[in-house]
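S.K.: Protein chains in written order, with my numbering: chain A, 4 to 285; chain B, 4 to 285; chain C, 4 to 285; chain D, 4 to 285; chain E, 4 to 285; chain F, 4 to 285. Every residue gets a Cβ at the ideal spot worked out from N, C-alpha and C, and that includes glycine. All figures in this text were calculated on a predicted structure; none of them were measured in a lab. Below are the structure tokens for one structure; questions will follow.
Protein chains: 6
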Amino acid sequence: MRVSGNPAVISLIELALSEDLSRGDITTEATVSSKATATGDFVAREKIVVCGLDVAAEVCARVGGGELTFSRHIEDGVIANKGDVIATVSGSAALILQAERVSLNFLQRLCGVATQAHTYAQKIVDYPCAVVDTRKTTPGWRYLEKQAVLCGGAKNHRFDLSGGVLIKDNHIAAVGSVADTIVAARKIAPHGLKIEVEVTNEAEFESALSAGADIVLLDNMTPAQVASLVPKAKAKGVVVEVSGGITLETIEDYAKAGADVISSGALTHSVRAVDIGLDFRG
Amino acid sequence: MRVSGNPAVISLIELALSEDLSRGDITTEATVSSKATATGDFVAREKIVVCGLDVAAEVCARVGGGELTFSRHIEDGVIANKGDVIATVSGSAALILQAERVSLNFLQRLCGVATQAHTYAQKIVDYPCAVVDTRKTTPGWRYLEKQAVLCGGAKNHRFDLSGGVLIKDNHIAAVGSVADTIVAARKIAPHGLKIEVEVTNEAEFESALSAGADIVLLDNMTPAQVASLVPKAKAKGVVVEVSGGITLETIEDYAKAGADVISSGALTHSVRAVDIGLDFRG
Amino acid sequence: MRVSGNPAVISLIELALSEDLSRGDITTEATVSSKATATGDFVAREKIVVCGLDVAAEVCARVGGGELTFSRHIEDGVIANKGDVIATVSGSAALILQAERVSLNFLQRLCGVATQAHTYAQKIVDYPCAVVDTRKTTPGWRYLEKQAVLCGGAKNHRFDLSGGVLIKDNHIAAVGSVADTIVAARKIAPHGLKIEVEVTNEAEFESALSAGADIVLLDNMTPAQVASLVPKAKAKGVVVEVSGGITLETIEDYAKAGADVISSGALTHSVRAVDIGLDFRG
Amino acid sequence: MRVSGNPAVISLIELALSEDLSRGDITTEATVSSKATATGDFVAREKIVVCGLDVAAEVCARVGGGELTFSRHIEDGVIANKGDVIATVSGSAALILQAERVSLNFLQRLCGVATQAHTYAQKIVDYPCAVVDTRKTTPGWRYLEKQAVLCGGAKNHRFDLSGGVLIKDNHIAAVGSVADTIVAARKIAPHGLKIEVEVTNEAEFESALSAGADIVLLDNMTPAQVASLVPKAKAKGVVVEVSGGITLETIEDYAKAGADVISSGALTHSVRAVDIGLDFRG
Amino acid sequence: MRVSGNPAVISLIELALSEDLSRGDITTEATVSSKATATGDFVAREKIVVCGLDVAAEVCARVGGGELTFSRHIEDGVIANKGDVIATVSGSAALILQAERVSLNFLQRLCGVATQAHTYAQKIVDYPCAVVDTRKTTPGWRYLEKQAVLCGGAKNHRFDLSGGVLIKDNHIAAVGSVADTIVAARKIAPHGLKIEVEVTNEAEFESALSAGADIVLLDNMTPAQVASLVPKAKAKGVVVEVSGGITLETIEDYAKAGADVISSGALTHSVRAVDIGLDFRG
Amino acid sequence: MRVSGNPAVISLIELALSEDLSRGDITTEATVSSKATATGDFVAREKIVVCGLDVAAEVCARVGGGELTFSRHIEDGVIANKGDVIATVSGSAALILQAERVSLNFLQRLCGVATQAHTYAQKIVDYPCAVVDTRKTTPGWRYLEKQAVLCGGAKNHRFDLSGGVLIKDNHIAAVGSVADTIVAARKIAPHGLKIEVEVTNEAEFESALSAGADIVLLDNMTPAQVASLVPKAKAKGVVVEVSGGITLETIEDYAKAGADVISSGALTHSVRAVDIGLDFRG
């Protein structure tokens, strides 16, 4: 999808432009002629996975109003090495200066998410196991961050509260039993959705399995606990997801323990902005 | 200001609600009665500086539509220790479940920014020096993140491209000399704004000083370099700001070197979400 | 969810108010005192399934600005008989007159969708088969119409292009084979989503089954064709959905043929507004 | 007017894109290369009056972001026969698939309204009488549906509560007499608006006439009743509008009875979506 | 209508809050405790016609977020003398300071329009003639300025391009003759709209009359010219509107000449903001 | 900045289009063929300073949807004499007619502000003194009006409540003393902002000076009073701003008295729309 077809992303871009530019740019307007032209390269200052070029292009198009040209050199999802030029913007020098910070703020975060996702995904690349994101995304950024997770080679969990069924203890308590809760969910949920049940101990795990869950989410268990439960789940064709404080140090242990899916909020909620600069030529 | 008076923040909250809730919540709608009530406590699971309660309250008000009550226990800017209850939401159990994730996503990031700002500020609390943020904020979040920086005890740099004059090499190149650039900026800029000039070496520093800059920004210099330049600036009543890769490890060295202001993009662009949970009572 | 928590619905309500009221109400402003009060009952003039009270309440709240009270008498999803009062609005007579048409336009359509869904659902209530909607909804109305379908006792298909995987001939052609397409989809799709494949003849049906589809969508087949394929699908635990020109006259035949799910665009795209009026008391 | 000049229509298009596309298109993204191209024809599968091409073009432009070309073959207001190609979209295959459903949802409804309006208008084409719409439009769609009514050869009643004066019993009750109500309305209403009064019996009709109404609206009267009143109105140069449960079966009787204008909510509130498909070439 | 029911007005208020407050209020936040309370009176510093209290109330409600109370003392449309308190706001001192400027900016302009309209209307109060506004309103302010014109005792012309038919020379040139143009307009225009034709000389006036115009607009004629044409128009029951450079000095001459309606863009496009202050008590 | 990069300006343009065009243009649609083309010149009918071409161009682009071409002949900030063609629009005659009024409404006000600012600025062009605007702008128009002030050769005061520190009596009262208030403000305010203090008599002036204000605002003082205070301020390097009822007649007296800055709300809140017309060629 082009960013122009996603009004939610356009709204975020408008918020970003509004907060940086909607009162003008005193320094540039005072000093740079509106006739001056320039060319700037977006350069990776460290090794990254590229993501967000559509957004940067849209920022430049809006700030430029027809007077800036944006061209891409490395596509989303591809690795750029230190020093690589990801994209180039050329045209009015003043308008480039005004588009610079917002473009970089988007790129640095989205490449940051993609790069971090890549790091996680590579840790378990040899296992039949996927690392997925969560709904712990930066408010306003869910679509973008989930795309960045895909760019990095990890996968997405459900997009929102309608994109999947995930039964937790509060839901079960409200209905009375796991089995009844699953029945209630199937009655409402679209038939294309599997039913996932979160469990925190073996008793709950057994209940979920016998009640017919399609997926069990093992929350805050050790790799050993996971390894002990996986065979029972697999025997019933039930998918096993694990979550809860899983780090780069421990992720492989969970893959080794047989989990099908490992979910981590850190993929999106605690991200270092990668270093990207806009270098003017000449 | 109440959040309700800031349309940009309201727009971000609407984007956040839209991306998580605008297609419904299949699991909860299928399992939790619309008559059931509950009370949930927002609990700090680690030591944090509180920030973002207005936003969380607004999220609960919108999702609740009059059926949720939000009460605060620890105000923005105050430290909460592990286990402290920051705020409480009560009313419809289903609506609390639907407001939970969005509320937490806002709180965890804003408290994260405030807590990190606090850590930076504490490092130099004994020096006549302030740590300030930059324009490297998360797009859509500038107002909120800058408020969080204040909550943490750090300060803000200019809000946007109109909130201050910051002359960089591209501007000087466009005009021809530092002196002429400062004249050009003063001609346009509101009289309440000081003129700041970024310099990367001693020659530029001298030029900026003799041209009448109000503030010099020493970019990517060592503490030793800074220390050698500060006396000359102070002699002219010029404020000294330093920036460029300053970390928690090095920040005190810059304060010791005599900088008046230390700016760091990391305050806002690379933040760990702090751990906050919503615990249902009984 | 309260309507206030769903910005997309709020936007539609604002569009509706804007198109009817944003230039004022010449007749009422010229003739009805702003001090006059009245009470009006929303009355079903035929037997209907109620839906949309939240929306009508929000319309009255916005037009009323604190001067109108809206109370409900029959909840969403419940049948109202001819003459039943569904809800009552009271307060400023002028404001009631200004809220009347927009409120009714929402209610008449949403109750119309719910009532029609109820008619379809009742036709097959004795079969282990569900009737579901499609993405053929009125642009701007998807959430509301899908909620109305639920109110009427039918079910929802995927909400949007991210809420489920539905592989059609164009997708298969792009990849080359059904099996490879399913693999490609599983690689990207969240693990909570089943894979559905649309087929138009027995050869495609067999391919889908052997390639591991979770759901097959039999498009434009006769009940007899469906009946011949159902056993093979069931043997593999594959869900069977049918679609294509299914009417109130033929729906039972498809349920009888063993389909698990029957989808119909007519549930939402071709609906008669039911007759509801606003009767002023006294 | 181009759709781009009508922010209300743009907002509706954005709602429509948002509800179908703002979380991505899992199936297509997983299976169709972003380099693949295709050409699709919008084909009438029954005889229709065309309407809505501007909207479909705008949908394709936004989803396409410069990578889709939309060309029209039959203009709005013209009849397309079964099998006729109304318009063609070509470019990225993935983007066409993503624009398909939203484009069709708009076209099917708007052509549906135009086609139904045409059917009504044709019934009385030989009489000096016009069929007009009402304010009973789909919320969010008023401009589009009223344009569709014009495309079908029927006419529009007032656009909104400011586009005409229509005095009903509640207004008269508030003021005290028909004559005083008309005076009050003329005092406020722009001088370019005629004064219309709704009457339900002969006594009210006589009052309206002697009080100087420009238009009388005969509500829920039989053709015979209408025929008996028309001469008195015509003698005074007063326009006669009739409304209330008028159907395709009875409309000609009212035209024959001498009504100048026949209004019908069904033109817009109860419409069958016509059958239009998007056929991929090759 | 309450302002809350008019999304266009709400949008303008949001723009106004956004441009003044969306980056915070440094001075007040640094100096005024969030616990301090105050009471401020909106005081007329000259004789004015009051208008805009709904807007000021909404501004205070949004900035206050529940912590400000707004009470009215003189209603819209009523004259306030120098020193009169129009309204009072009380609650958080900081929030009052933040709402002050935006509230006053709205009030000063709207009262300014109402007061100027009052001055114009009073000039011809003894004639059977109305002064009306035009579409020359401040972009974004049409509804508010037209309401202010009514508050001042003048009247409104058509709200927009759909609220009336006004045929000018370009339209006539496009069709070929006045008579044909009127026929074309009647064919499309809602039956509640009169047909107005603009004429600039006697020949055009005669053509418009014989072609059946309901209203003639005499553009840029002297009072003597108007006086010579009025009897011919009246003989046919045609309304006479005059426009073009009519000032407070000349308006009575046109009323005396027999015009029914005098339109003036100056009512809205060239207005002096009246002097209103917010005085803190004690 | 191009207008397309400023979402707040785009929103105002959308409000303007919405209020004039979103219900169509009955007269033009009925009479002018969609195939007819024309060329129209925007002509200054009096001597003006040009401002607002970007906005007019954007209006024409949106209404035109690709079918109108807008070309500029005199740039913003340049004087146009009576009869000069500022810009030209060509293309569909119907679309030009629909864009005409909104374009002119923007241009006439913005050129009006620029022209008035020019008149003020010229009065004191020979003094080392600047005339600046205030926050008394038309709600929704702040950016545009402040740009127009610059076009006219005057300067801007702070953009909003975050763009500068301006301490008034209410702030001082809240803190207790001028000195403490300045300390409090410096503690929060970005280091690039000067501290301005409003004073109304000599005692307050002395306090502000000794407390270290960077700028003093002398409110409602006579030129003689100003002249007596200026030397003391200059001796301390403090900037002197004056405000309060300064008119075209008195402005030079204040410049002569030695004020550095003269601020006037009238620059933006009480402006006469200049006369600009759109003349169709041939």
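Along chain D, which residues have their Cβ under 8 Å away from the Cβ of F:Val66?
M.R.: Here the neighbours are Met4, Arg5, Ser7, Gly8.
S.K.: Thinking C-alpha only, which one of B:Asp263, B:Ser273, B:Thr40 is nearest B:Val233?
M.R.: If we check each option's Cα against that of B:Val233, B:Asp263 comes out closest.
S.K.: Does any CB atom of chain B fall closer than 8 Å to the CB of E:Leu107?
M.R.: Chain B, which has no Cβ nearer than 8 Å to the Cβ of E:Leu107, makes this no.
S.K.: Measure the C-alpha to C-alpha separation of A:Ala19 and F:Asn9 and round it to an integer number of angstroms.
M.R.: One C-alpha to the other measures close to 10 Å.
S.K.: Can the beta-carbon of A:Cys132 be found less than 8 Å from the beta-carbon of A:Val52?
M.R.: The answer is no: Cβ separation not under 8 Å.
S.K.: Mind listing, in chain order, the continuous alpha helix (DSSP H) runs of no fewer than 4 residues lying wholly within the stretch 177-205 of chain C?
M.R.: Within the stretch 177-205 of chain C, the complete alpha helix (DSSP H) runs of at least 4 residues are 181-191.
S.K.: Note down, in chain order, every chain B residue with its Cβ under 9 Å from the Cβ of F:Ile218.
M.R.: Those within 9 Å of F:Ile218 in chain B are His194, Gly195.
S.K.: Taking CB distances under 8 Å as the criterion, tell me whether D:Arg161 reaches chain E.
M.R.: Interface residue, yes.
S.K.: On the three-state DSSP scale, how would you describe A:Asp44?
M.R.: The answer is strand: DSSP assigns A:Asp44 an E or B state.
S.K.: Beta-carbon of E:Ala133 versus every beta-carbon of chain C: anything under 8 Å?
M.R.: With 8 Å as the cut-off, E:Ala133 does not count as an interface residue toward chain C.
S.K.: I want to see whether chain D comes within less than 8 Å of A:Ala230, judged by CB atoms only; does it?
M.R.: No, A:Ala230 does not count as interfacial toward chain D.
S.K.: Name, in chain order, the residues that DSSP records as bridge partners for B:Ser320.
M.R.: Given that chain B is displayed from residue 4 to residue 285, the structure contains no residue 320 of chain B and the question cannot be resolved.
S.K.: Report yes if the CB atom of C:Glu201 is closer than 8 Å to the CB atom of C:Asp222, and no otherwise.
M.R.: A contact, by the Cβ cut-off of 8 Å.
S.K.: Alpha carbon to alpha carbon, what distance is there between F:Asp172 and E:Leu71?
M.R.: Computed Cα separation, rounded: 21 Å.
S.K.: Compute the Euclidean distance between the alpha carbons of E:Leu164 and F:Ala216, then round it to the nearest angstrom.
M.R.: Distance between the alpha carbons of E:Leu164 and F:Ala216 is about 54 Å.
S.K.: Return the first residue and the last residue of the alpha helix (DSSP H) that B:Glu148 is part of.
M.R.: 145-154 is the extent of the alpha helix (DSSP H) around B:Glu148.
S.K.: Rounded to whole angstroms, how far is the Cβ of D:Gly167 from the Cβ of D:Glu199, which I believe are closer than 8 Å?
M.R.: D:Gly167 to D:Glu199, Cβ: 7 Å. Contact.
S.K.: Our contact map puts A:Ala102 next to A:Val66 with C-beta atoms below 8 Å; I'd like the distance itself, whole angstroms only.
M.R.: So it is a contact: roughly 4 Å between Cβ atoms.
S.K.: The beta strand (DSSP E) spanning B:Arg138 covers which residue range?
M.R.: Unbroken run through B:Arg138: none, as it is neither H nor E.
S.K.: Select from A:Gly285, A:Ser273, A:Asn108, A:Ala211 the residue whose C-alpha is nearest the C-alpha of A:Cys54.
M.R.: For A:Cys54, the nearest C-alpha among the options comes from A:Asn108.
S.K.: Which of the three DSSP states, helix, strand or coil, is assigned to C:Phe73?
M.R.: Residue state, collapsed to three classes: strand.
S.K.: Can you check whether the C-beta of C:Arg26 is within less than 8 Å of a C-beta belonging to chain H?
M.R.: Chain labels in this structure do not include chain H; the protein chains are A, B, C, D, E and F.
S.K.: Near C:Ala90, what residues of its chain come up, given a Cβ to Cβ distance below 8 Å and the 5 sequence neighbours on each side ignored?
M.R.: Asp44, Phe45, Leu56, Ala59, Ala60, Phe73, Ser74, Arg75, His76, Ile77, listed in sequence order.
S.K.: Mind listing the chain C neighbours of E:Ala187? Cutoff is C-beta to C-beta under 9 Å, in chain order.
M.R.: Going along chain C, no residue has its Cβ under 9 Å from E:Ala187, so there is no contact; the nearest lies around 25 Å.
S.K.: Can you tell me which of D:Thr42, D:Thr118, D:Val134 puts its alpha carbon nearest to the alpha carbon of D:Glu79?
M.R.: In the sequence on display, residue 79 of chain D carries Asp and not Glu. Of the listed residues, the one whose Cα sits closest to D:Asp79 is D:Thr118.
S.K.: Say whether chain F places a C-beta atom closer than 8 Å to the C-beta of B:Gly155.
M.R.: So, not an interface residue.
S.K.: Counting only Cβ-Cβ distances shorter than 8 Å, please list the residues of the stretch 164-184 of chain A near chain C, keeping chain order.
M.R.: Hits within the stretch, in order: Ser165, Gly166, Gly167, Val168, Leu169.
S.K.: Mind checking if E:Ala11 is an interface residue toward chain C, Cβ cutoff 8 Å exclusive?
M.R.: For E:Ala11, the answer is yes, since a Cβ of chain C falls inside 8 Å of its Cβ.
S.K.: Helix, strand or coil: how does DSSP classify F:Ser213 here?
M.R.: F:Ser213: helix per DSSP, three-state reduction.
S.K.: Starting from F:Ala90, follow the beta strand (DSSP E) in both directions and report where the run begins and ends.
M.R.: Segment 88-95, the beta strand (DSSP E) holding F:Ala90.
S.K.: Under 7 Å Cβ to Cβ from E:Gly143, same chain only, skipping five residues before and after it: list those, please.
M.R.: Only Leu15 meet the Cβ criterion.
S.K.: For a contact meaning CB atoms closer than 7 Å, what does F:Leu15 contact in chain E?
M.R.: Near F:Leu15 (Cβ distances below 7 Å), the residues of chain E are Leu18, Pro142, Gly143.
S.K.: Using DSSP with H/G/I as helix, E/B as strand and the rest coil, what is E:Val52?
M.R.: Residue state, collapsed to three classes: strand.
S.K.: Just confirm the distance between the C-beta atoms of A:Thr34 and B:Ala96, as a whole number of angstroms; I'd bet it's less than 8 Å.
M.R.: Not confirmed; about 59 Å, so no contact.
S.K.: Within 8 Å of any Cβ in chain C, is that where the Cβ of E:Tyr130 sits?
M.R.: With 8 Å as the cut-off, E:Tyr130 does not count as an interface residue toward chain C.
S.K.: Check whether chain F comes within 8 Å of B:Glu148, counting only Cβ atoms and requiring the distance to be less than that.
M.R.: No, B:Glu148 lies away from the interface with chain F (no Cβ there is under 8 Å from its Cβ).
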